[in-house]
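Engineer: Right, I'll just put the structure down here and ask away after.
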Amino acid sequence: MPELPEVEALAHHLREHALYRPVARVDVATMSGVKTFDPPVSELVGRVVTGAARYGKFLSVEFLDRVDGDGNPAGLHLVTHLSRAGWLRWHDTASVTPPKPGRGPLELRVHLDHVGGPGFDLTEAGTQKRLAVYLVHDPQEVPGIARLGPDALALSRDEFGALLAGRTERIKTLLVEQTVMAGVGNAYSDEILHTAKLSPYAVTGRLKAAQLDVLHAAMRSVLTDAVERSVGHNAAELKGEKRSGLRVHARNGLPCPVCGDTVREVSFTTKSFQYCPGCQTGGTPLADRRLSRLVR
Ligand SMILES: [Zn+2]
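Our numbering applies: residue 22 is where the sequence shown begins, and numbers increase by one.
Here it is as structure tokens:
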């Protein structure tokens, strides 16, 4: 699932390639992916892309062709939340034939300039269709955006400390809680905790000031490094770029590039996370509920 760095890179890519291009047609392949019905997506036809923005892990393509009563830009925002297997793909040419509903990964296609011309696809591989698209006048109309906490990259050390103070969740759980702090997901929280040499199970509110210093610095460096690596890459190359920069996430059983210990995993029903015992838990593996149940 794309997180802050990849969504930032996708927004950057759209600003470089889609800006000032008019929408020629919108193909909706999976109606259930479009969560709003008023205005309809056909409202976009003839409107010009004026920008792209990121809200946490949400991506917004902007069509701001008016000014409101206060003189601020106004218009429509095509907002998407790319789910686990979701992605935005840029194309220089596209089929003029509308896609058949429910076939293949394509969810929504936007033709720019002319039908069959350049544009972008929102796709989702896999059978569980969770990609969500919203066409709204204000991004705050999207429930997931209205609930977002401050952006992870916008937090000063003091603001970060204030958000974490007194929280009883494990730090791994808290870092991905979008209502507390927006933008970090499963992959980068693994990387941030590894860089900070903190156990994923550490209780948030019990972290010492020095640990919070290190954690805040790790969050900034992991995210900004990933943004720098990602921006400028084609949307198609971003997944590979993300993977190549990871040190523990999705590397179960491989050696830690810092200490050489074997990266380990804790699994839940629908997800898992990875960490290095040597760097993060004093060499002791964390209890894996799935494994301990098997042993018992
Ligand atoms: Zn290590």
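Ideal Cβ positions, reconstructed from N, Cα and C, are used throughout, including at glycine.
Beta carbon of Thr103, beta carbon of Phe84: below 8 Å?
Structural biologist: One point to set straight first is that residue 103 is Leu, not Thr, in the sequence displayed. The answer is no: Cβ separation not under 8 Å.
Engineer: Select from Val284, Lys292 and Ser81 the residue whose C-alpha is nearest the C-alpha of Leu307.
Structural biologist: Selected option, being the one with the closest Cα: Val284.
Engineer: Roughly how many whole angstroms lie between the Cα atoms of Pro119 and Gly72?
Structural biologist: About 26 Å.
Engineer: Return the chain-ordered list of same chain residues with a C-beta closer than 7 Å to the C-beta of His270, the five sequence neighbours on each side being excluded.
Structural biologist: Taken in chain order, the residues that qualify are Ala208, Asp211, Glu212 and Gln295.
Engineer: CB Val82 to CB Ser63, shorter than 8 Å?
Structural biologist: No, they are not a contact pair.
Engineer: Beta-carbon separation of Phe79 and Thr101 under 8 Å?
Structural biologist: The answer is yes: Cβ separation under 8 Å.
Engineer: Where does Phe181 sit, in a helix, a strand or coil, going by DSSP?
Structural biologist: Three-state DSSP puts Phe181 in a helix.
Engineer: Tell me whether Val299, by its Cβ, gets closer than 7 Å to a heavy atom of ligand 1.
Structural biologist: Note on identity: in this sequence residue 299 is Gly, with Val being the wrong assignment. Under cutoff, so the answer is yes.
Engineer: In three-state DSSP terms, what is Gln149?
Structural biologist: Gln149: coil per DSSP, three-state reduction.
Engineer: In terms of residues, what are the limits of the alpha helix (DSSP H) holding Ser251?
Structural biologist: It spans Ala230 to Ser251 - the alpha helix (DSSP H) in which Ser251 sits, taken as one unbroken run.
Engineer: In chain order, what are the residue ranges of uninterrupted beta strand (DSSP E) at least 3 long that sit wholly in the region 93-151?
Structural biologist: Runs of the beta strand (DSSP E) inside the region 93-151: 94-102, 107-112, 127-133 and 140-145.
Engineer: Can you find at least 3 beta carbon pairs, one from the region 115-134 and one from the region 176-186, that sit closer than 8 Å?
Structural biologist: At 8 Å Cβ cutoff, the stretches do not touch.
Engineer: Name the residue from His158, Gly92 and Thr225 whose alpha carbon lies nearest to the alpha carbon of Glu190.
Structural biologist: Checking every option, the nearest Cα to that of Glu190 belongs to Thr225.
Engineer: DSSP has Asp172 in a bridge; who is on the other side?
Structural biologist: Ala203, per the DSSP bridge assignment.
Engineer: Go through its chain and collect everything with a Cβ distance to Asp89's Cβ below 7 Å, but skip five positions before and after it.
Structural biologist: The residues are Ala95.
Engineer: Counting along the chain, where does the alpha helix (DSSP H) carrying Gly299 start and finish?
Structural biologist: First-last of the alpha helix (DSSP H) with Gly299: Pro298 to Gln301.
Engineer: Check the C-beta distance from Val154 over to Leu143 and give it rounded, since I have them as a contact under 8 Å.
Structural biologist: The pair is a contact, with the Cβ atoms about 6 Å apart (cut-off 8 Å).
Engineer: Quick one: does the C-beta of Asp282 sit closer than 7 Å to a heavy atom of ligand 1?
Structural biologist: Yes; taking the cut-off as 7 Å, the Cβ of Asp282 has a heavy atom of ligand 1 nearer than that.
Engineer: With 16 other CB atoms within 10 Å as the buried threshold, where does Met2 fall?
Structural biologist: Here the chain covers residues 22 to 317 and nothing more, so residue 2 does not appear.
Engineer: Between the beta-carbon of Asp234 and the beta-carbon of Arg178, is there less than 8 Å?
Structural biologist: It is a contact, given that the beta carbons lie within the stated cut-off.
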